[in-house]
Structures are given as structure tokens and as C-alpha cells.
Ligand code: XMP
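This is the structure:
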């Protein structure tokens, strides 16, 4: 637990995929919070942390199963407000003397509910002040089990057609328990519920990005001590913010390694190196390893194989340069929360791997370097806010995200140098178009993918047989969901013409209109 002076809120994590979103909603309210897995939250822990309020997250288990996760009983006699969400609601009811009935997952049949639902109020409640202006409120349900009997002292304050106990509370003890997930976007006014909760718990909202910076710096100092750290700079916002933050924490104990894997965009290497040399006094190794990466990727076309190769080589390369930095014991990375949630379950349990992100997966245990990941809890827009706080140039902070595996995952099929060269040129034209039309800042991420297919065209009087490419542009809040950007046909037509005229090797341009989900932002 980090030493700090702010009022704290404890989130007890029962393994929900969206627990981190609760923390995000609270940070938006300038409330300091910590997430701890339920296994670690003992009575002694509670007394030491002394939270001003506690939130119990959702989770995949069933409270009807023997041995399923619980909160320490002491929590309910500490006199602090408690908010239980979904599984957290069921934990509260079970522990406080109510009852929960198993749904389909736990063999009880029948009452599972997944997706949008509408809650109507039963009687007024401080927790949902500001809700129900239109008589009902949209919420997101995702539960198998349901509460079948309220614990003594609790009353119903809101119901939905399938959830008679959608909103419940024991107002005398400030215990609140809801069946739905207020933290997700599909509960549009969910943020208001958190705002009400922290207000009634007495938080003053004094936790800012400046405070986060101070805390993160202290945490880095505590973790690293007097040891040396190397930081992989990718040229993206994340690793740059991580590097500047760590530099501020430990000064010249940090050495940055910029790996040019031959999969960067046009002029990117020069720009990044210049940016760091001009603006910061951070020791920087420029590692040109294009031959190594492109050599090992030769002939590979499976997306996961490519990602794994790149991930492994990154680590090898870092290790090589780390060996040159005397006393290097730590490897810093700009891993963000979306990288974590889609690669492994945050609580350490089993979850589906969608993509192996190079900066999370494949780190061999015997690597001999420990990880420093100061942005691991943050979403992209929060990293940008931290970057501004640290004084990084605005032009740099505003850059679109660029993935660690670089152009490799924008080149489905085999990766060859000629294809990469074509891709770089097409991407540069596309981005130039977007900037010229003043659209860059409206778009979360835009890039070209070169397709593993050649098509026939006609230019002048001649036949062409060149690559097709796809333009991608999406809007997003955090990279976890995304919509394709609605360019005008004029823009698309002009851009296609420019790419075909200016980039030898491409004779067909398509626009990708897939949202996420069901697509992902990158092509691989
Ligand atoms: P997807 O394609 O998973 O991408 O929808 C979501 C966001 O993550 C970026 N991305 C990565 N970033 N290492 C990274 O640092 C990776 O391996 C990686 N794969 C995807 C992607 O560019 C988008 O912003």
C-alpha cells in the first residue's frame, strides 16, 4: 500500500473484467482508490488501510458455491459506506443474512440476465440522486445468479423486469448494493451513481493527475532503489511518458533504449531520437535491429506467431543492451491497462487471449530483469493527461497510438521489405491527408494496412498488377471499443487518388468500416 495523505477508497476485486473501470470512474471524480484482490483483504489489512468507503466489484464466481470469494466480515462493522456491484451485491446479501439463488451457471436455472435493462425507482435514495428524470434509467446487467431475499435492514429502491432487487440499500448503515454495472458505458448515467456514493462517503475530490504523478514517482523510487533501469522507447506516447516519469523519479539511473525493429513508420526513428535529444537529457541508445527482426519474421504469416517472434526479440534485444548498462536490474515499459485486460485477466484468473501484446506476453521468468510499469493502471487519455502534467510537447502527446509490433500487424501475411516500404509511403500520404483536412485530432488512430493480395488495374495505357491496401481510422475513448471514422466520400476519393498516384506498388484502396467489436483496431 502506498503511503499518502488523501482519503482512500478500497475496491475489493472479485475478478470482474471491468473492475478497473470502477477505478477509472473514481479517478474522474478525483478520488484516490486502490484495487486489491479479495484474497489480500483481511481484517488487519482493512484496519491498516482505513478506507473511507469500500466498493465490492463484480466477479465470475457464484456465492452459492462453497468456498467462493467473500469480503472479511469485519468490513461490515467498520462503519464505512459500502457499495456492492453484481457479485458484490450478492456477497453482501449472503454475508449479511439474505439469500442468493443460483442461475444457469451454477445450476439453479432461469434467471441469468446479460445486456441492457431498464430500472425504475421504487423510492428515493441518495445513491441515485439525479437519476430517473425520464422515469427510468438504462443499466447494464451481466449476472447468472440473483438475490432472492434481502438481508435484514435492506430495502428495494429500484427494480427492472428481471431484477426485483436491482437497487437495494440499508440507508442507516450506508450499505448500497446494485445488481447492474454502473461503471460501464452501457450504463450511461453510471458515473452519477459513483459521484453520489463518494459524496455521501465524504470524499472531497482532491486527487488529481498531479497527485498521481507524485505517487507514481514515489512508487518507482520505492521499487527501484539505487538500481539501474532501462526503458524501451517505442516512439509512442506511452513509452515516452513512462520514460519521462521514471527519469523524473530516478534521474540518470535510467537509460532509454530505442529499438528500431524495421517496422516503424516513415521518418519515425529520426523524429523520436531528435525529440528525446532536443527536449530531454536522458541517455538514449539507438538500437538498429531491423535485420534481426525482419530476418526472423521472414516467411511467417500467422499473426500470433509474428507477435510472439517480435515479443521474444524485443526481450532479447533489451537484454543485450541491458547487459551493457552496468547494474541494470529493471526494464521499464509503457504498458497500459487495455493491454493488460485483453492479454491476461487482471485478477490472475483464466480469460480469453485475444492478442498476445508484445509488451505483456512472453516475458521469460528467467529473463533476469524485473518490470517497472508505471502506467499499468491508466487508460490512454489518462496517460496523455499525465504527459501534459510532465510537460511533454503537445504535438507529441497528441500523436495517435502506435503498437509495439509496429507495421508487422498492419501487413497481414508475409512481411517483406518492399511491402513495408510501400506501406510506409501509403501511410505517410494518408496521415498527411488527414492532417491537411484538420481531422487528425478527431481520430483516435488512423493507419494503412497493406493487404496480402494484388489486383489488376489500369494506369495510363498500361496494365498494373499491384497491392491493394486498406485505410483504417477509428474513434475511441480508450481503445477497448471503437467506431470507424465517417470520412466523406470526397475525402476518401481524394486520398485514394493520391495514394495510387504517389505510391508505386499500390493500385487499389479500400476503406475499412468495421467497428470494435466485432473487429479489432489493428488488422492482426
Ligand atoms: P486492438 O487491435 O487490440 O488494439 O483493437 C487496441 C489498441 O492497442 C494497440 N495495440 C498494441 N499496443 N502493443 C501495444 O503497445 C501491442 O502488441 C498492441 N496491439 C495493439 C492498437 O494500436 C490500438 O491502439
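Residue numbers (our numbering): 687 to 1210.
Note that the Cβ used here is the ideal one computed from N, Cα and C, for glycine as well.
The beta strand (DSSP E) enclosing residue i, as first and last residue numbers
| i | result |
| --- | --- |
| residue 1104 | Segment 1103–1122 is the alpha helix (DSSP H) holding residue 1104; no beta strand (DSSP E) there. |
| residue 1183 | Looking at the DSSP string, residue 1183 is not in any beta strand (DSSP E); the run it does join, the alpha helix (DSSP H), is 1175–1188. |
| residue 1228 | Examination of residue 1228 is not possible in this model, given that the chain is present from 687 through 1210 alone. |
| residue 1193 | 1192–1197 |
| residue 823 | 823–829 |
| residue 973 | 970–974 |
| residue 731 | It is not in any beta strand (DSSP E) - residue 731 instead sits in the alpha helix (DSSP H) that spans 729–735. |
| residue 853 | 849–856 |
| residue 866 | Counting along the chain, residue 866 falls outside any beta strand (DSSP E), and DSSP gives it neither H nor E. |
| residue 785 | 785–787 |
Selection from the options that minimises the alpha carbon distance to residue i
| i | options | result |
| --- | --- | --- |
| residue 763 | 747, 789 and 733 | 733 |
| residue 899 | 1010, 849, 876 and 933 | 933 |
| residue 1111 | 1155, 1130 and 1064 | 1155 |
| residue 938 | 950, 808, 910 and 891 | 910 |
| residue 1217 | 1161, 1126 and 994 | Because the chain is modelled from 687 through 1210, residue 1217 falls outside the range shown and cannot be assessed. |
| residue 973 | 986, 983 and 917 | 917 |
| residue 990 | 1125, 693, 1182 and 1210 | 1210 |
| residue 777 | 867, 869, 1158 and 755 | 755 |
| residue 1067 | 1085, 1059, 743 and 1057 | 1085 |
| residue 648 | 803, 893, 773 and 945 | Summary: the structure shown does not reach residue 648, with the chain confined to residues 687 through 1210, and so no result is reported for it. |
| residue 886 | 858, 904 and 908 | 858 |
| residue 943 | 981, 876 and 1018 | 1018 |
| residue 1002 | 986, 1207, 979 and 1013 | 979 |
| residue 661 | 853, 1199, 781 and 866 | The structure shown does not extend to residue 661, since the chain spans only 687 to 1210, so no value can be given for it. |
| residue 1095 | 1075, 996 and 744 | 996 |
| residue 758 | 786, 738 and 724 | 724 |
| residue 889 | 740, 779, 787 and 1167 | 740 |
| residue 695 | 717, 705 and 707 | 717 |
| residue 856 | 1011, 915, 775 and 924 | 775 |
| residue 1008 | 1022, 988 and 941 | 941 |
| residue 834 | 788, 875, 867 and 1175 | 788 |
| residue 1123 | 1180, 1134, 1104 and 1102 | 1180 |
| residue 1175 | 1196, 1187, 1163 and 1160 | 1196 |
| residue 1153 | 966, 1178 and 1185 | 1185 |
| residue 1177 | 913, 1121 and 1148 | 1121 |
| residue 1213 | 1190, 1055, 986 and 720 | Residue 1213 is absent from the structure shown; the chain starts at 687 and stops at 1210. |
| residue 1092 | 947, 750 and 712 | 947 |
| residue 897 | 1076, 697 and 1187 | 1076 |
| residue 728 | 760, 721, 714 and 708 | 760 |
Residue i CB to nearest heavy atom of the ligand XMP below 7 angstroms
| i | result |
| --- | --- |
| residue 991 | no |
| residue 706 | no |
| residue 1218 | Given a span of 687 to 1210 for the chain in the structure shown, any question on residue 1218 remains unanswerable. |
| residue 938 | no |
| residue 1025 | yes |
| residue 1202 | yes |
| residue 986 | no |
| residue 1090 | yes |
| residue 1087 | yes |
| residue 1143 | no |
| residue 703 | no |
| residue 1131 | yes |
| residue 753 | no |
| residue 789 | no |
| residue 1165 | yes |
Closer than 8 angstroms to chain C by CB, residue i
| i | result |
| --- | --- |
| residue 1091 | The chain inventory of the structure shown lacks chain C, comprising one protein chain alone. |
Where the alpha helix (DSSP H) containing residue i begins and where it ends
| i | result |
| --- | --- |
| residue 933 | 923–936 |
| residue 808 | Residue 808 -> no alpha helix (DSSP H), and no H or E assigned at all. |
| residue 1014 | It is not in any alpha helix (DSSP H) - residue 1014 instead sits in the beta strand (DSSP E) that spans 1014–1018. |
| residue 1057 | It is not in any alpha helix (DSSP H) - residue 1057 instead sits in the beta strand (DSSP E) that spans 1056–1058. |
| residue 705 | 705–714 |
| residue 1131 | No alpha helix (DSSP H) holds residue 1131; the beta strand (DSSP E) holding it covers 1131–1145. |
| residue 965 | 954–965 |
| residue 989 | 989–1010 |
| residue 1066 | 1066–1075 |
Per DSSP, the bridge partner or partners of residue i
| i | result |
| --- | --- |
| residue 741 | 697 and 769 |
| residue 799 | 829 |
| residue 1086 | According to DSSP, residue 1086 bridges with nothing at all. |
| residue 1169 | 1161 |
| residue 720 | 696 |
| residue 942 | 917 and 970 |
| residue 845 | 806 |
| residue 835 | 785 |
| residue 875 | Answer is none; residue 875 lacks a bridge partner. |
May I have a chain-ordered list of the beta strand (DSSP E) segments no shorter than 3 residues that lie completely inside the region 888–928?
-> Within the region 888–928, the beta strand (DSSP E) runs of at least 3 residues that lie entirely inside it are, in chain order, 914–919.
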